[in-house]
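Data block below; observations after.
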Amino acid sequence: MAAVEDLRQKYVYMSVRVCVCVCVYVCVCVCVYV
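Here UniProt numbering is used: position 23 in the sequence shown is 23, and no number is missing along the way.
Dropping the structure here:
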């Protein structure tokens, strides 16, 4: 079961990273175009 928990943590970590990257990208676009 430890492997499943590890996989879930990796998935959550990756999802958070993707969200942060998208947020930063949107903020940069807004700053550039506004």
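Think of the CB as a built atom: it goes at the ideal place given N, C-alpha and C, for glycine as much as any other residue.
- Setting aside the 5 residues that flank it on each side, residue 3 has no residue in the same chain whose C-beta is closer than 6 angstroms to its C-beta.
- Collapsing the DSSP output to three states places residue 28 in a helix.
- In the structure shown, the three-state DSSP call for residue 34 is coil.
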